[in-house]
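Asker: In the numbering used here, the protein residues as written are 51 to 261. Here a beta-carbon is modelled for each residue, glycine too, at the ideal position from N, C-alpha and C. Being a predicted model, the structure only gives us computed values, none of them experimental. Structure provided below as structure tokens; questions to follow.
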Amino acid sequence: MRKRILLFTIITIFFLTLTNCNTGTELQELIANNNGETNNNSNSTGIIKLVLNADNGSSLSSVLVSTKEDILNLFITIKGLEVHKTSGSDAGWHSLPIEEGSYDLMALDNHSWAELISLSEITPGIYNKLRFEVTSAEVTTISGTYTAKIPSGKIKINLSFVIDEDKIVEITMTIDPEKSLKVQTFKNKDPKYTLNPVFKISGVSEEEDTD
Numbered sequence: 051m052r053k054r055i056l057l058f059t060i061i062t063i064f065f066l067t068l069t070n071c072n073t074g075t076e077l078q079e080l081i082a083n084n085n086g087e088t089n090n091n092s093n094s095t096g097i098i099k100l101v102l103n104a105d106n107g108s109s110l111s112s113v114l115v116s117t118k119e120d121i122l123n124l125f126i127t128i129k130g131l132e133v134h135k136t137s138g139s140d141a142g143w144h145s146l147p148i149e150e151g152s153y154d155l156m157a158l159d160n161h162s163w164a165e166l167i168s169l170s171e172i173t174p175g176i177y178n179k180l181r182f183e184v185t186s187a188e189v190t191t192i193s194g195t196y197t198a199k200i201p202s203g204k205i206k207i208n209l210s211f212v213i214d215e216d217k218i219v220e221i222t223m224t225i226d227p228e229k230s231l232k233v234q235t236f237k238n239k240d241p242k243y244t245l246n247p248v249f250k251i252s253g254v255s256e257e258e259d260t261d
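Here is the structure:
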């Protein structure tokens with residue numbers, strides 16, 4: 051009888067030990083898998099900074115001659131910024147947050163400053179296009195304020211740039227007021243303005259993200 055009890059006890063201890071070993075192994079595998087999932091889900095990012103200024107080397111002389119009025123303000127409203135990525139599994143168009151609002155190109159031209167359009171995180175990779183909307187434009191002269199017609203609401207700029215992890219890429223986008231704004235004058239009628247924005251990239255720079 052004692053031998054049977056001893057044998058039963060030994061068998062029980064053996065199975066308990068085996069179960070604990072398996073549980074420990076499964077726990078280690080679970081931890082390893084979770085760590086792998088965490089590492090796979092950690093996304094590295096860079097930062098894109100887009101600024102707008104006006105070509106202060108230009109003037110609105112052609113417009114002034116036609117209207118015989120000084121143009122005081124030239125407001126454009128920008129929204130809907132997108133960038134096009136060519137590399138990686140997420141290649142394609144990506145929307146970025148933008149400081150939607152109206153920007154006075156005459157103020158930018160006269161004071162030679164730049165307006166921040168967008169500052170946002172972006173996945174590393176190769177990009178080749180910018181696209182955004184100019185939804186409205188207004189021209190203010192001494193005689194009043196006029197709405198400028200915009201033939202093309204979508205503005206696309208071809209530009210190749212690379213976003214690296216923990217780097218800030220600053221893109222300076224310049225608009226030429228003189229080439230962008232055209233006017234038709236009529237006898238005894240209000241002038242008609244047409245805005246077809248002419249943009250160019252005047253600078254692309256990269257710096258370390260120290261935050």
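#1: Pull up the distance between the alpha-carbon of HIS134 and that of ASP120, whole angstroms please.
#2: Using DSSP with H/G/I as helix, E/B as strand and the rest coil, what is SER230?
#3: Classify PRO201 as buried or exposed, calling it buried when 16 or more other Cβ atoms lie within 10 Å of its own Cβ.
#4: Return helix, strand or coil for ALA198, following the three-state DSSP convention.
#5: Have a look at ASP226, ASP105, TYR196, SER152 and flag the residue whose alpha-carbon is nearest the alpha-carbon of VAL233.
#6: Tell me whether ALA104 sits in a helix, a strand or coil according to DSSP, three-state version.
#7: For the region 117–187, list the alpha helix (DSSP H) runs that are entirely contained and at least 4 residues long, ordered along the chain.
#8: Inspect the beta-carbon positions of LEU27 and GLU132 and report whether they are closer than 9 Å.
#9: Once DSSP output is grouped into helix, strand and coil, what is the label at LYS204?
#10: For SER255, write down the residues that DSSP places opposite it in a beta bridge.
#11: Under 8 Å, with one C-beta from each stretch per pair, do the region 151–160 and the region 213–220 reach the 3-pair mark?
#12: In this structure, how does DSSP classify ASN246 when only helix, strand and coil are distinguished?
#13: With a CB to CB cut of under 8 Å and the five nearest residues on each side skipped, what residues in its chain are close to GLY142?
Answerer: Considering the structure as presented:
#1: 39 Å
#2: helix
#3: exposed
#4: strand
#5: TYR196
#6: strand
#7: 155–161
#8: Since the first residue shown for the chain is 51 and the last is 261, residue 27 is missing from the structure and cannot be characterised.
#9: strand
#10: GLU220
#11: no
#12: coil
#13: HIS134, LYS135
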